[in-house]
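S.K.: Numbers 3 to 290, taken from the numbering used here, label the letters of the sequence shown in order.
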Amino acid sequence: MHLSPQLRTLLVLGRMSNLPTVWSNCLAGWWLGGGGNYWKLPFLLLGLSVLYTGGMFLNDAFDEEFDRQRRAERPIPAGKITAAEVWQLGFCQLAAGIFLLLFCGKVAGVCAVLLALTIILYDFTHKIFTASPWIMGACRFWVYVIAGGTGAGGLNGWAVFCGLALALFVVGLSYVARRESFRGRVPHWPLLLLAAPIGLGLVMNVGAYRTAALWISAVLALWVARCVKGVFTGGEPNVGWIVTNLLAGITLVDWLAVAPQLAPGLSAVVFVGLFGLTKWFQKFIPAT
Numbered sequence: 003m004h005l006s007p008q009l010r011t012l013l014v015l016g017r018m019s020n021l022p023t024v025w026s027n028c029l030a031g032w033w034l035g036g037g038g039n040y041w042k043l044p045f046l047l048l049g050l051s052v053l054y055t056g057g058m059f060l061n062d063a064f065d066e067e068f069d070r071q072r073r074a075e076r077p078i079p080a081g082k083i084t085a086a087e088v089w090q091l092g093f094c095q096l097a098a099g100i101f102l103l104l105f106c107g108k109v110a111g112v113c114a115v116l117l118a119l120t121i122i123l124y125d126f127t128h129k130i131f132t133a134s135p136w137i138m139g140a141c142r143f144w145v146y147v148i149a150g151g152t153g154a155g156g157l158n159g160w161a162v163f164c165g166l167a168l169a170l171f172v173v174g175l176s177y178v179a180r181r182e183s184f185r186g187r188v189p190h191w192p193l194l195l196l197a198a199p200i201g202l203g204l205v206m207n208v209g210a211y212r213t214a215a216l217w218i219s220a221v222l223a224l225w226v227a228r229c230v231k232g233v234f235t236g237g238e239p240n241v242g243w244i245v246t247n248l249l250a251g252i253t254l255v256d257w258l259a260v261a262p263q264l265a266p267g268l269s270a271v272v273f274v275g276l277f278g279l280t281k282w283f284q285k286f287i288p289a290t
């Protein structure tokens, strides 16, 4: 795919290849909140997309000095864009995202502000605070809450609990991702958090929903196992490859979350489609 240098710089800064995982979170939370309110759906998708990309811009802005020392290929140290421009674009996107989500209702508007503050806190602390992956998990949790509050049925326990399960998955993923910047052995205990959505899915899906939950749990478990097996086989694991593929796996977590809400065919088309779209985007734009 041929992209102009300026466009590619913006896409890299925003980690745009991961946007299908945000759309997947939005759709899962919205369906768990009862769906409906279709006129709000574009505001939900666009608002949370802009908050995500704004947060990624600010991530690079806060990391300017670190990247100059260890990741000179990043857009700011490489001289492809100035730090001042990245700061401005990042905060403008956060403001735009909050504005768009105000159209999704009071819950979405309030939680959008909380999400923006959580994003800033993560970007500011993630290189100095060893527990920062928990803040990253909180960011994805707020996405589910906002999406659930946008649905016609409003925010409910399904959206909250599934959001917590996703948050734990992202915490585990983020602890692995820290090894891209800080060399060392990948810790094993955070990998247990990657199983949180499976545990919740098997507990909460009973009766007629159990079969769908079992099948989707198996798909997710196999994908996670494929991603992390290098951690246990000896040698130096390719952390970037692991993180990139676990990020794509977020769409499978969302697929499991909606197992009791949607017909199997529809959910497979939507979430497996978003999984494939994420992997395709990652061929052109780095995920991390």
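C-beta atoms are modelled at their ideal positions from N, C-alpha and C, and glycine is treated no differently.
Using the Cα positions of Ala227 and Thr120, report the straight-line distance between them to the nearest angstrom.
M.R.: Working through the sequence shown from its first residue, we reach residue 227 at position 225. Working through the sequence shown from its first residue, we reach residue 120 at position 118. One C-alpha to the other measures close to 30 Å.
S.K.: Measure the CB-CB distance between Val255 and Leu168 and report whether it falls below 8 Å.
M.R.: Here residue 255 refers to the residue found at position 253 when the sequence shown is read from its first residue. Here residue 168 refers to the residue found at position 166 when the sequence shown is read from its first residue. Contact flag set, yes.
S.K.: Rounded to whole angstroms, what is the Cα-Cα separation between Leu53 and Leu264?
M.R.: Here residue 53 refers to the residue found at position 51 when the sequence shown is read from its first residue. Here residue 264 refers to the residue found at position 262 when the sequence shown is read from its first residue. Cα-Cα distance, rounded: 27 Å.
S.K.: Can you give me the C-alpha to C-alpha distance between Thr152 and Glu238, rounded to a whole angstrom?
M.R.: Sequence index remark: in the sequence shown, residue 152 carries index 150 (1-based). Sequence index remark: in the sequence shown, residue 238 carries index 236 (1-based). Approximately 44 Å, taken between the alpha carbons.
S.K.: Report yes if the C-beta of Ala215 is less than 7 Å from at least one heavy atom of the ligand NAP; otherwise report no.
M.R.: Ligands are entirely absent from the displayed structure, and the ligand NAP is therefore not among its contents.
S.K.: Within its chain, find whatever has a CB closer than 6 Å to the CB of Glu66; leave out the 5 residues flanking it on each side and keep chain order.
M.R.: As a working note, residue 66 is residue 64 in the sequence shown. Closer than 6 Å at the Cβ level, and outside the excluded window around Glu66, lie Ile78, Ala85.
S.K.: Quick one: grab the DSSP three-state call for Val188.
M.R.: Along the sequence shown, read from residue 1 onward, the residue named residue 188 stands at position 186. Coil, per DSSP.
S.K.: Express the C-alpha separation of Asp69 and Ile137 in angstroms, rounding to a whole number.
M.R.: As a first step, residue 137 is located in the sequence shown; it is residue number 135 there, counting from the start. As a first step, residue 69 is located in the sequence shown; it is residue number 67 there, counting from the start. So the two alpha carbons sit approximately 21 Å from each other.
S.K.: Using CA coordinates, which residue listed in Asn27, Leu196, Arg72, Pro266 is at the minimum distance from Ile148?
M.R.: Working through the sequence shown from its first residue, we reach residue 148 at position 146. Among Asn27, Leu196, Arg72, Pro266, the Cα nearest to that of Ile148 is on Asn27.
S.K.: Would you mind sorting Gly203 into buried or exposed? The rule is 16 or more other CB atoms within 10 Å of its CB.
M.R.: Your numbering for residue 203 matches position 201 in the sequence shown. Label assigned to Gly203: buried.
S.K.: Would the segment 13-25 and the segment 106-122 be scored as touching if the rule is three or more Cβ pairs under 8 Å?
M.R.: Contact fails: fewer than three Cβ-Cβ distances are below 8 Å.
S.K.: Measure the alpha-carbon distance for Ala223 versus Gly201 and round it to whole angstroms.
M.R.: The count along the sequence shown starts at 1 and reaches residue 223 at position 221. The count along the sequence shown starts at 1 and reaches residue 201 at position 199. Between Ala223 and Gly201, the C-alpha separation is close to 11 Å.
S.K.: If you check the beta carbons only, do Trp25 and Leu9 fall under 8 Å apart?
M.R.: Your numbering for residue 25 matches position 23 in the sequence shown. Your numbering for residue 9 matches position 7 in the sequence shown. Not in contact: Trp25 and Leu9 (Cβ atoms no closer than 8 Å).
S.K.: When the Cα of Leu157 is compared with those of Ala30, Asn61, Ile100, Ala215, which residue comes out closest?
M.R.: Numbered from 1 along the sequence shown, position 155 holds the residue referred to as residue 157. When each option's Cα is compared against that of Leu157, the closest is Ala30.
S.K.: Quick one, which of Trp217, Leu194, Cys229, Ala161 has its alpha-carbon nearest Leu34's?
M.R.: Here residue 34 corresponds to residue number 32 of the sequence shown, with the count starting at 1. When only C-alpha atoms are compared, the closest one is Ala161.
S.K.: Taking only runs of the alpha helix (DSSP H) that begin and end inside the segment 90-144, which ones reach a length of at least 4 residues, in chain order?
M.R.: You should have 108-127.
S.K.: Under 6 Å Cβ to Cβ from Cys106, same chain only, skipping five residues before and after it: list those, please.
M.R.: On the sequence shown, position 104 is the one that residue 106 refers to. Lys42, Phe45, Leu46, Thr152.
S.K.: Between the Cα of Pro189 and the Cα atoms of Gly232, Val221, Thr213, which residue gives the shortest distance?
M.R.: As a working mapping, residue 189 is identified with position 187 in the sequence shown. Taking only the C-alpha atoms, the option nearest Pro189 is Gly232.
S.K.: Among Val274, Phe286, Ala197, Leu91, which one has its Cα closest to the Cα of Tyr166?
M.R.: Translated into positions along the sequence shown, residue 166 becomes position 164. Per the sequence shown, the amino acid found at residue 166 is Leu instead of Tyr. When only C-alpha atoms are compared, the closest one is Ala197.
S.K.: Using only the alpha-carbon positions, how far apart do Gly159 and Val260 sit?
M.R.: On the sequence shown, position 157 is the one that residue 159 refers to. On the sequence shown, position 258 is the one that residue 260 refers to. Straight-line Cα distance between these residues: approximately 13 Å.
S.K.: Ordered along the chain, which non-local residues of its own chain (more than five positions away) have a Cβ less than 8 Å from that of Phe163?
M.R.: One-based indexing of the sequence shown puts residue 163 at position 161. Taken in chain order, the residues that qualify are Leu202, Met206.
S.K.: Helix, strand or coil for Asn240, going by three-state DSSP, please let me know.
M.R.: Here residue 240 refers to the residue found at position 238 of the sequence shown. Three-state result, Asn240: coil.
S.K.: Determine the direct distance from the alpha carbon of Leu276 to that of Pro262, and round the result to whole angstroms.
M.R.: Translated into the one-based positions of the sequence shown, residue 262 becomes position 260. Translated into the one-based positions of the sequence shown, residue 276 becomes position 274. Approximately 19 Å, taken between the alpha carbons.
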